[in-house]
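J.: Here the sequence shown stands for residues 195 to 389, numbered as in my numbering. Cβ atoms here follow ideal geometry from the backbone N, Cα and C, with glycine treated the same way. The structure displayed is predicted, hence computed values, not measured ones.
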Amino acid sequence: MNKNKQADLIRDMSSKEVLQALYVTQLLLLLLSLIIGSFIFKEAAEFTRLFKWSLTDIFLLGGGAGLLVVMLDLYLMSKLPKKYYDDGGINEKLFGGRSAADIFLIALLVAVAEEILFRGIIQTTFGFIPASILFAIIHVRYLSQWYLTMNVILLSFGIGWLFEWTGNLAAVMAMHFVIDFLLGLAIRRKQNKNE
Numbered sequence: 195m196n197k198n199k200q201a202d203l204i205r206d207m208s209s210k211e212v213l214q215a216l217y218v219t220q221l222l223l224l225l226l227s228l229i230i231g232s233f234i235f236k237e238a239a240e241f242t243r244l245f246k247w248s249l250t251d252i253f254l255l256g257g258g259a260g261l262l263v264v265m266l267d268l269y270l271m272s273k274l275p276k277k278y279y280d281d282g283g284i285n286e287k288l289f290g291g292r293s294a295a296d297i298f299l300i301a302l303l304v305a306v307a308e309e310i311l312f313r314g315i316i317q318t319t320f321g322f323i324p325a326s327i328l329f330a331i332i333h334v335r336y337l338s339q340w341y342l343t344m345n346v347i348l349l350s351f352g353i354g355w356l357f358e359w360t361g362n363l364a365a366v367m368a369m370h371f372v373i374d375f376l377l378g379l380a381i382r383r384k385q386n387k388n389e
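1) Consult DSSP for Gln339 and reduce its assignment to one of helix, strand or coil.
2) Assign Val263 to buried or exposed, taking buried as 16 or more other Cβ atoms, counted over all protein chains shown, within 10 Å of its Cβ.
3) Can you give me the C-alpha to C-alpha distance between His370 and Leu356, rounded to a whole angstrom?
4) Near Gly378, what residues of its chain come up, given a Cβ to Cβ distance below 7 Å and the 5 sequence neighbours on each side ignored?
5) Measuring only the C-alpha atoms, how far is Glu309 from Ile323?
6) What separation, rounded to the nearest whole angstrom, lies between the Cα atoms of Asn345 and Gly231?
7) Quick check: what's the CA-CA separation for Thr242 versus Lys273?
8) Check each candidate in Tyr278, Ala330, Leu261 and Tyr269 and name the one with the smallest Cα separation from Leu348.
9) For a quick check, are the C-beta atoms of Thr390 and Leu254 less than 8 Å apart?
10) Please name the residue, chosen from Phe233, Leu223 and Asp280, that lies closest to Trp340 on a Cα-to-Cα basis.
11) Under 8 Å, do Ala364 and Lys246 count as touching if we go by C-beta distance?
12) So Gln317 and Gly291 are supposed to be a Cβ contact under 8 Å. How far apart are they, rounded?
13) Where does Glu308 fall in DSSP's three states?
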């Protein structure tokens, strides 16, 4: 789909439709994880061992890394041309006009669903590079803009590296959640200022 058709499709969608599409895709990722995981892990305990409830891993490493990514991203947003961050308006429709609680739930669902599939299933089975590349590809809306493509690839490899280092699915979920939640709040705040 070329960039103009994608922009037209997004513009024609309501924020409710964008949110519904997000919920459907995330639930499909969870279902896919359940199906694939049932073949990969002989028992549930193999999968649950990927979660280590270390406060250092979750808050300091995962949350801290997420916070650093957000701070860098917000800084770059203030310095670079707006066109570099143009995703066709999806993020504005997804996060704009939502309550902080709604953004919290969206970020939590996305972090859990995507990290279970990409780190818990794909990276555990096929390795760091295939998981990171597939994670970047699934964020197709960013692939039409060179800067966003670079961003999502670097982020994907960063999250994958954190999982390689810690072996902790909870830590990468925390990182992913912090990024999505704080950037979602920033988008909401910016949109509220513009109204």
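T.: Well, looking at it:
1) The residue you call residue 339 lines up with position 145 of the sequence shown. It is coil, neither helix nor strand.
2) Taking the sequence shown and counting its residues from 1, the one referred to as residue 263 is at position 69. It counts as buried.
3) Walking along the sequence shown from the start, residue 370 turns up at place 176. Walking along the sequence shown from the start, residue 356 turns up at place 162. Rounded to whole angstroms, His370 to Leu356 spans 11 Å at the Cα level.
4) By one-based count along the sequence shown, residue 378 stands at place 184. The residues are Phe289, Ile297, Ile300 and Ala301.
5) Here residue 309 is taken as the residue at index 115 of the sequence shown, counted from 1. Here residue 323 is taken as the residue at index 129 of the sequence shown, counted from 1. Going by the C-alpha atoms only, they are around 15 Å apart.
6) For the purposes of this step, residue 345 is taken as the residue at position 151 of the sequence shown. For the purposes of this step, residue 231 is taken as the residue at position 37 of the sequence shown. Taking the straight line from one Cα to the other gives about 29 Å.
7) Counting from one through the sequence shown, the residue named residue 242 turns up at place 48. Counting from one through the sequence shown, the residue named residue 273 turns up at place 79. When rounded, the distance between both Cα atoms is 42 Å.
8) Taking the first residue of the sequence shown as 1, we reach residue 348 at position 154. Here the closest residue by C-alpha is Ala330.
9) Summary: the structure shown does not reach residue 390, with the chain confined to residues 195 through 389, and so no result is reported for it.
10) Counting from 1 along the sequence shown, the entry for residue 340 is found at position 146. Selected option, being the one with the closest Cα: Asp280.
11) Counting from one through the sequence shown, the residue named residue 364 turns up at place 170. Counting from one through the sequence shown, the residue named residue 246 turns up at place 52. In this structure, Lys246 lies closer than 8 Å to Ala364 by Cβ.
12) Here the question's residue 317 lines up with position 123 in the sequence shown. Here the question's residue 291 lines up with position 97 in the sequence shown. With a Cβ gap of about 35 Å, Gln317 and Gly291 do not count as contacting.
13) The count along the sequence shown starts at 1 and reaches residue 308 at position 114. Glu308: helix per DSSP, three-state reduction.
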